[in-house]
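Report on one structure; see the data block that follows.
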Amino acid sequence: MIVDTARIERLLKEAVVTEEGVAEILQRASEGRGLVLEDAAALISIEDPRLRKMLCKTAGEVKEKLFGKRVVLFAPLYLSNYCTNGCLYCGFRSSNRTVSRKALTPEEVVAEARTLVAMGFKRVLLVTGEDPRWDLGYIIDCVQAVYRNTGMRIVHVNAPPMDVPSLKKLKAAGVGVFQVFQETYHRPTYGRVHPSGKKKDYDFRIEVMDRAMEAGFGDVGIGSLLGLYDFRFDSLATLAHSFHLYEKFGAQAHTVSIPRLRPAAHFAMNDVPYPVSDEDFKKIVAVYRLTVPTAGVVVSTRESAGLRNSLIRSGATQLSAASRTSPGGYSKDGTDTLEQFSTNDHRTLVEVMKSIVDEGGLPSLCTTCYRVGRTGREFTEKTKAGEMEKFCQANAILTLKEYLADCPVNGTKESMEKALSKAIGEIKDPAIKKALAEKLKALDAGERDLYF
Ligand code: SF4
Numbered sequence: 025m026i027v028d029t030a031r032i033e034r035l036l037k038e039a040v041v042t043e044e045g046v047a048e049i050l051q052r053a054s055e056g057r058g059l060v061l062e063d064a065a066a067l068i069s070i071e072d073p074r075l076r077k078m079l080c081k082t083a084g085e086v087k088e089k090l091f092g093k094r095v096v097l098f099a100p101l102y103l104s105n106y107c108t109n110g111c112l113y114c115g116f117r118s119s120n121r122t123v124s125r126k127a128l129t130p131e132e133v134v135a136e137a138r139t140l141v142a143m144g145f146k147r148v149l150l151v152t153g154e155d156p157r158w159d160l161g162y163i164i165d166c167v168q169a170v171y172r173n174t175g176m177r178i179v180h181v182n183a184p185p186m187d188v189p190s191l192k193k194l195k196a197a198g199v200g201v202f203q204v205f206q207e208t209y210h211r212p213t214y215g216r217v218h219p220s221g222k223k224k225d226y227d228f229r230i231e232v233m234d235r236a237m238e239a240g241f242g243d244v245g246i247g248s249l250l251g252l253y254d255f256r257f258d259s260l261a262t263l264a265h266s267f268h269l270y271e272k273f274g275a276q277a278h279t280v281s282i283p284r285l286r287p288a289a290h291f292a293m294n295d296v297p298y299p300v301s302d303e304d305f306k307k308i309v310a311v312y313r314l315t316v317p318t319a320g321v322v323v324s325t326r327e328s329a330g331l332r333n334s335l336i337r338s339g340a341t342q343l344s345a346a347s348r349t350s351p352g353g354y355s356k357d358g359t360d361t362l363e364q365f366s367t368n369d370h371r372t373l374v375e376v377m378k379s380i381v382d383e384g385g386l387p388s389l390c391t392t393c394y395r396v397g398r399t400g401r402e403f404t405e406k407t408k409a410g411e412m413e414k415f416c417q418a419n420a421i422l423t424l425k426e427y428l429a430d431c432p433v434n435g436t437k438e439s440m441e442k443a444l445s446k447a448i449g450e451i452k453d454p455a456i457k458k459a460l461a462e463k464l465k466a467l468d469a470g471e472r473d474l475y476f
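Using this note's numbering, the letters of the sequence shown map in sequence onto residues 25 to 476.
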């Protein structure tokens, strides 16, 4: 069994939250070596604002200890909104006749990716619906076209679950992270909100990350769509899924995403069944950070700028930015096709970078680990041992320096350069410091794509 849901229900029922208990868990968590599910059940059950504050503070400290100040930025690129599934919460569902459908050609995908590269992005997440007409061959054509014809350095994919031979082909095409969200781990709810299409099959979906790892993906991305069911259950189940991958393959989930459901015009449900407040959302980010500290915690533009800014200090490590969630949304204005979800943070990349700096973080466009094979088990172990912080911080510095040299910075140059100098001054490792100085000089001389 990948996730023991009866155990999760029991843990939540038995969870005891006391000030002493929370303080003891946070003390252990502060070492950055993770927690067990019993601890996570207690933390996710915290209601007292004072204890929540302590939780978020510790999560922010652990994030910094393991990854430095960096916050990685990426953009999603929607390939197609054709879909044969009937997910009640999604505007792309097959029964939604109001949406105009579009599948980008590989040439159009290249145009989209070039637009993103011109903005400064180096990593992209290709997202596609489930339709046999736009199958694995199509996704691979798009991945390869992006690598061949744009300056994009790493391509991740969010696609429907598939079998091991297909996943092997996807991996061979150079995909970094393979991402599939279970949406909800609560089987009865899953059945209700996925009434038709292949996605009805709960087991085929939950087992996909085992297949991905068997196919050679060291890095997989999981998550649940918060709001479909009790967030305490789904958060714990997501963590249990990551533990399962660690026990079986030696690598925790590389990323854990936290999309939050919001009421929308395209809904086929009356409302969000289990709304999640901003305070609970922050708590989930912090609990993920402390329980599986090696995982990237990814926050999308579904969330507001204000909330995303605050999450930088409580454990989030990756933000999407400037997102368009309709196929063709970057090259054109994207208004002719329905977005999968409406975004709440409409800032440009540079505006998001500037606010990361204002919050004391360091925006990063790094793509190194996937390209040097620092993935899967090795990544989990190195991060747990505290060895990634120096790489992440130095690579954030290099990519920010490159960004400032090559991209429009709209009056933010001064504050970004100040943050850059401060970050350089904070590098402790003498060998990294020396090598970094040389690489920065090389960037000034026109070299590009330098990393540790
Ligand atoms: S060094 Fe690795 S973990 Fe750190 S930001 Fe770069 S790719 Fe991510």
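Each residue gets a CB set at the ideal place from its N, CA and C atoms; glycine is no exception.
Should the region 280-298 be called in touch with the region 242-255, which here means at least 3 C-beta pairs below 8 Å?
yes
When you compare the CB positions of T208 and S248, do they come within less than 9 Å of one another, or not?
yes
C-alpha distance - P219 paired with V27, whole-angstrom precision:
22 Å
Should the region 115-126 be regarded as contacting the region 79-94, the criterion being three or more beta carbon pairs within less than 8 Å?
At 8 Å Cβ cutoff, the stretches do not touch.
I'd like to know whether the C-beta atoms of V148 and V123 end up nearer to each other than 9 Å.
no
With respect to 8 Å, is the separation between the Cβ of A420 and the closest non-hydrogen atom of the ligand SF4 below this value?
yes
Determine the burial state of P189: buried for a count of at least 16 other Cβ atoms within 10 Å of its Cβ, exposed for fewer.
exposed
When the Cα atoms are used, what is the spatial distance from G161 to A346?
Approximately 28 Å, taken between the alpha carbons.
Could you tell me if the beta carbon of S388 falls within a distance shorter than 8 Å of some heavy atom in the ligand SF4?
yes
Could you tell me whether the region 237-244 touches the region 277-284, using the rule of 3 or more Cβ pairs below 8 Å?
Yes, they touch.
For E44 and G449, the rounded distance between their alpha carbons
38 Å
Going straight from the alpha carbon of K93 to that of I380, what length do you get?
Going from the Cα of K93 to the Cα of I380 covers about 10 Å.
Distance, T399 Cα to G435 Cα
37 Å
What are the boundary residues of the beta strand (DSSP E) that includes V280?
Here the beta strand (DSSP E) through V280 covers 279-281.
Can you have a look at N384 and say buried or exposed, based on whether 16 or more other CB atoms are within 10 angstroms of its CB?
The sequence shown places Gly at residue 384, rather than the Asn named in the question. Burial call: exposed.
Start and end residues, alpha helix (DSSP H) containing I380
373-382
Quick one: what's Y102 bridged to in DSSP?
V151
Can you list, in chain order, the residues of its chain with a C-beta nearer than 7 Å to that of G58? Leave out the 5 residues immediately preceding and following it.
T315, V316, P317
Note down the Cα distance separating G200 from D430, rounded to an integer number of angstroms.
25 Å
Count the other CB atoms, across all protein chains shown, that sit within 10 Å of the CB of D72; report buried if there are 16 or more and exposed otherwise.
exposed
7 Å CB neighbourhood of K195 in its chain, flanking five on each side removed
A239, G240, F241
Which term fits A461, buried or exposed, when burial requires 16 or more other beta carbons within 10 angstroms of its beta carbon?
exposed
Report the three-state DSSP secondary structure of S220 (helix, strand or coil).
coil
V396 versus L285: straight-line alpha-carbon distance, rounded
Rounded to the nearest whole angstrom, the CA to CA distance from V396 to L285 is 36 Å.
Quick check: the region 93-109 against the region 368-382, are there 3 or more CB pairs under 8 Å?
Taking 8 Å as the limit for Cβ pairs, the verdict is that the region 368-382 does touch the region 93-109.
Compute every distance between the C-beta of V96 and the non-hydrogen atoms of the ligand SF4, then say whether any falls below 8 Å.
Between the ligand SF4 and V96, a heavy atom-to-CB distance of less than 8 Å is present.
When DSSP labels each residue in this structure, what does S119 get in the three-state scheme?
coil
Quick check on G215: buried or exposed, where buried means 16 or more other Cβ atoms within 10 Å of its Cβ?
Exposed: under 16 other Cβ atoms inside 10 Å.
Return yes when the Cβ of L422 is within less than 9 Å of the Cβ of L386, no when it is not.
Not a contact, by the Cβ cut-off of 9 Å.
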